[in-house]
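In this note's numbering, the protein residues as written are 49 to 267.
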């Protein structure tokens with residue numbers, strides 16, 4: 049699925065140093081299977097990939113998180129969920145910056161979203177973090193007919209965002225990590241679709257380790 053394609057793009061742009069998380073790389077509970085891969089990205093921060101399968105294979109999800117701890121970029125994540133023959137595609141970009149995103153790159157990402165305006169938007173309901181989501185994020189409902197176009201857009205986001213990150217100068221790491229950690233702490237406190245699923249399956253403490261240490265690299 050999309051995680052492998054994203055990895056190939058990022059591997060060309062950054063140094064990716066895989067981190068061994070041992071038995072936590074493969075988790076299963078109540079018919080759900082999770083695979084987690086974690087990377088250090090020197091001079092940038094932390095990268096993780098999560099794949100999930102469940103419902104006897106009828107539901108599959110690929111998720112990527114790029115957390116910039118050493119440069120002042122937003123939290124960046126991509127989700128592609130396939131369930132019952134339908135797809136949900138998300139690029140979620142959250143304002144944890146010390147300064148706003150460069151307008152040139154914000155426009156480039158907006159243009160990608162606008163290119164797919166013929167594809168139905170996805171409405172995930174209201175959440176506590178909505179005010180932090182950058183307006184150039186992406187949320188679409190796809191079908192088999194449009195999935196190739198949607199996947200191309202997801203990869204275009206990765207390419208544009210990567211170029212943006214590579215052009216940034218180092219920032220004050222302690223302040224940047226604090227901003228990222230504020231978001232993640234609120235995510236654990238107030239919930240979100242993935243976090244809520246982890247809590248139900250693995251409990252509070254295991255969820256904290258998965259989210260803070262592995263997915264966002266903020267231990």
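No residue lacks a Cβ here, since even glycine has one placed at the ideal position from N, Cα and C.
Being a predicted model, the structure only gives us computed values, none of them experimental.
7 angstroms CB neighbourhood of residue i in its chain, flanking five on each side removed
i	result
residue 61	210, 214
residue 263	96, 98, 113
residue 64	58, 87, 89, 95
residue 69	84, 86, 262
residue 161	184, 186
Cβ neighbours of residue i in the same chain (closer than 8 angstroms, five flanking residues each side left out)
i	result
residue 117	92, 93, 94, 221, 224, 225, 228, 265, 266
residue 67	86, 87, 88
residue 259	232, 235, 236, 243, 246
CA-to-CA distance, residue j to residue i, given in whole angstroms
i	j	result
residue 194	residue 167	8 angstroms
residue 50	residue 157	18 angstroms
residue 184	residue 115	18 angstroms
residue 143	residue 131	29 angstroms
residue 90	residue 219	14 angstroms
residue 240	residue 205	23 angstroms
residue 175	residue 135	21 angstroms
residue 253	residue 72	13 angstroms
residue 151	residue 182	12 angstroms
residue 216	residue 122	12 angstroms
residue 54	residue 196	14 angstroms
residue 200	residue 164	10 angstroms
residue 190	residue 133	10 angstroms
residue 74	residue 52	17 angstroms
residue 173	residue 148	26 angstroms
residue 159	residue 238	32 angstroms
residue 137	residue 192	12 angstroms
residue 178	residue 257	24 angstroms
residue 230	residue 171	25 angstroms
Collapsed DSSP secondary structure at residue i in the structure displayed
i	result
residue 65	strand
residue 248	helix
residue 184	coil
residue 169	strand
residue 266	coil
residue 256	helix
residue 70	helix
residue 77	strand
Beta-carbon contacts of residue i that lie in its chain and below 6 angstroms, excluding the five residues immediately before and after
i	result
residue 126	112, 139, 202
residue 124	114, 141, 209
residue 109	100, 129
residue 212	153
residue 255	246, 247
residue 180	142, 143
residue 102	79, 80
Beta-carbon separation (whole angstroms), residue i vs residue j, contact threshold 8 angstroms
i	j	result
residue 78	residue 250	Actually they do not touch by this definition, with Cβ atoms about 10 angstroms apart.
residue 82	residue 106	That pair is no contact at about 16 angstroms.
residue 198	residue 188	6 angstroms
residue 145	residue 120	5 angstroms
Write down every uninterrupted run of the alpha helix (DSSP H) in the region 84-166 whose length is 4 residues or greater and which is fully enclosed by it, in chain order.
151-163
At what residue ranges does the region 188-230 contain a whole run of the alpha helix (DSSP H), taking only runs of 4 or more?
195-214
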